[in-house]
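If you read the sequences in order, they're chains A and B.
Residue numbering for the first sequence is 12 to 82, as defined by our numbering.
Residue numbering for the second sequence is 346 to 705, as defined by our numbering.
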Amino acid sequence: MKVPNTPENNTNCLCPNCPTHNECMKDQKLFCSIGKTSCELKKQGCLCGECPVASEYQLHDLYFCEQGAAK
Amino acid sequence: MKIAESTIDDWWVFPGFKLEKVATGLELPVNIAFVPNPGQNPQDPLLYLSELYGQVKVITQDLTVHTYANGLLNYKPDYKFPGTGESGVIGIVVEPKSGDLFLSMIYADMGEFKSKVVRTSSHDGLKIESQTTIIDNIPSVHAAHQVQALTIGYDKKLYVNLGDGMIDSKVAQDETDLRGKILRMNFNGTIPTDNPNPESLIYAKGFRNPFGATWRKSDQSLYISDNGPSNDDRIAKVKPGVNYGWPKSMRQNSLFWWEFTQATTAIAFMQDGQFPEQYNDELFVSLFGTPMAKGKIIKGKKIIKLKINQDNSGVVSCDEFVRYTGVGPNSPCGLSFGPDGLYFTDLMGGNLYKITRKEN
Ligand code: SF4
Ligand code: SF4
């Protein structure tokens with residue numbers, strides 16, 4: 012697993028502030044670590060590019076909630 | 346709502362300068378627009394401020410704060426920073442002849458967010474009386490990357506910075522799409538016949554999230570700040586018809602970039618003698634950083650100044666000029682030179698500050 016599911020990474024994850032993050036996903040975050048959501052989603056923009064976790068683990072992709080965890 | 350408390354002691358300022366608070370109690374103040382030729386009566390408008398969640402304030406010559414407009418947004422903002430809370434009313438500029446304002450903002454339309462620019466009028470400049478839409482229906486996002494700075498060029502045209510809308514960055518290269526572009530238009534939104542393509546509002550393309558814009562007297566040119574993803578925030582001189590590279594590159598045709606992103610917001614040249622001669626033609630840039638991070642961090646929370654080289658191909662120096670040293674979540678955001686100094690807003694603190702030369 013490239014991004015560990017730690018309390019610190021959970022705190023720093025920006026997913027809950029993201030325009031794509033919807034009601035069904037409300038208890039989910041850190042998709043770069045836990046993998047994709049089973050919720051239906053409509054892409055409305057992704058904050059991963061601006062996220063401190065993405066900087067720390069040198070992630071360059073977006074929409075981990077749809078694509079699955081970072082490899 | 347004020348998110349942070351801030352006093353002048355929370356800011357370090359370059360030696361030889363002093364800071365004072367001009368106004369407080371503002372609600373998420375973003376950009377500052379000075380009236381180009383203000384009247385001298387105490388109740389004449391001196392400057393306007395866009396407030397993110399749907400207000401415009403006017404500060405008169407006697408430094409009284411009035412509400413010029415409110416309720417400009419048709420949706421409920423949510424205070425999520427960074428993220429959906431970063432959007433709203435951003436760009437503001439005063440039309441010199443009429444004193445009307447141009448404002449940029451997003452709006453909700455059947456569950457979609459879109460960008461628009463409006464023109465507002467008032468007989469005394471103190472309270473909005475009418476509003477006309479100049480351009481709208483531009484797909485946007487409920488986050489940053491929306492319609493941003495507005496400026497008026499020396500050619501008396503309106504320039505509009507448009508973010509790429511965040512959902513599909515490839516639109517920044519698509520000449521049939523207005524996102525990720527700098528637009529040039531007449532004051533009524535029509536296409537000037539001398540645009541690079543006389544059938545398009547597009548003046549230049551390939552931008553990601555160009556928050557700031559300003560005009561430089563010495564070369565009569567437009568300069569912008571543009572925000573990269575996790576790297577390469579940049580400053581660029583905007584030339585007609587040129588491609589600035591996004592999404593392939595944030596460095597293409599740029600003057601200066603920060604490898605480690607700083608979140609560039611407003612920019613302004615010192616070009617009217619407010620500071621001593623050695624600062625003439627230097628570009629002051631607000632680096633917003635991570636707004637909700639408390640206290641001192643290395644990312645942003647400062648204003649820097651850049652000296653551009655003689656052939657305009659790069660930068661010869663980059664110095665810190667102001668730094669937030671307080672403990673709260675706060676950052677400089679809007680910035681503009683007024684008649685007597687450099688003014689800036691702190692979004693979270695709800696203040697307008699002024700920096701002037703310290704007398705010996
Ligand atoms: S990179 Fe994206 S998914 Fe991963 S922590 Fe940041 S915001 Fe969350
Ligand atoms: S992975 Fe990206 S798009 Fe999905 S919720 Fe997180 S920030 Fe939003």
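All residues carry an ideal CB built from backbone N, CA and C; glycine is no exception.
Give the residues of chain A in contact with residue 549/B, contact being defined as C-beta atoms less than 9 Å apart. Simply none; closest approach about 22 Å.
I believe residue 592/B touches residue 485/B by the beta-carbon criterion, under 8 Å. Please report the beta-carbon distance rounded to the nearest angstrom. In fact, because the Cβ distance is near 17 Å, the residues do not count as touching under 8 Å.
Determine the burial state of residue 677/B: buried for a count of at least 16 other Cβ atoms within 10 Å of its Cβ, exposed for fewer. buried
For residue 647/B and residue 667/B, believed in contact at Cβ under 8 Å, the rounded distance: 6 Å
Note down, in chain order, all residues in the segment 419-431 of chain B with a beta-carbon under 8 Å from any beta-carbon belonging to chain A. 425, 426, 427, 428, 429 and 430
Tell me whether residue 599/B is buried or exposed, calling it buried when 16 or more other Cβ atoms sit within 10 Å of its Cβ. The residue in question, residue 599/B, is buried, as its Cβ has 16 or more Cβ neighbours within 10 Å.
Would you kindly work out how many angstroms separate the C-alpha atoms of residue 596/B and residue 579/B, rounded to a whole number? 7 Å
Per DSSP, residue 664/B forms a beta bridge with which residues? 650/B
Run through chain B and tell me which residues come within less than 9 Å of residue 66/A, C-beta to C-beta. 575, 576, 605 and 606
Are the beta-carbon atoms belonging to residue 505/B and residue 439/B less than 8 Å from one another? no
Interface partners of residue 29/A on chain B, CB under 9 Å: 425, 428, 429 and 488
Near ligand 2: residue 75/A beta-carbon under 7 Å from a heavy atom: yes
Between the CA atoms of residue 632/B and residue 614/B - distance to the nearest angstrom: 15 Å
Against residue 25/A, what residues of chain B qualify as contacts under a CB-to-CB distance less than 7 Å, listed in chain order? 427 and 428
Using beta-carbon positions only, say whether residue 395/B and residue 370/B come within less than 8 Å of one another. no
Would you say residue 693/B faces chain A, with C-beta separation under 8 Å as the test? Closer than 8 Å: no.
My assumption, with CB atoms under 8 Å, is that residue 626/B sits in contact with residue 554/B. Please give the rounded CB distance. So it is not a contact: roughly 26 Å between Cβ atoms.
Could you list the residues in the segment 33-59 of chain A with a C-beta less than 8 Å from some C-beta on chain B, going in chain order? 54, 55, 56, 57 and 58
Residue 41/A vs residue 26/A beta-carbon contact at 8 Å: yes
Can you give the Cα-Cα distance for residue 590/B and residue 574/B, rounded to whole angstroms? 13 Å
Proximal residues, the segment 510-527 of chain B versus chain A, C-beta separation under 7 Å: 511 and 512
Are there 16 or more other CB atoms within 10 angstroms of the CB of residue 499/B, so buried, or fewer, so exposed? exposed
Excluding the five sequence neighbours on either side, which residues of its own chain have a C-beta within less than 6 Å of the C-beta of residue 35/A, listed in chain order? 50
Mapping the DSSP letters down to three states, classify residue 75/A as helix, strand or coil. helix
To the nearest angstrom, report how far apart residue 548/B and residue 540/B are at their CA atoms. 7 Å
Verify whether the separation of the beta carbon atoms of residue 372/B and residue 695/B is less than 8 Å. yes
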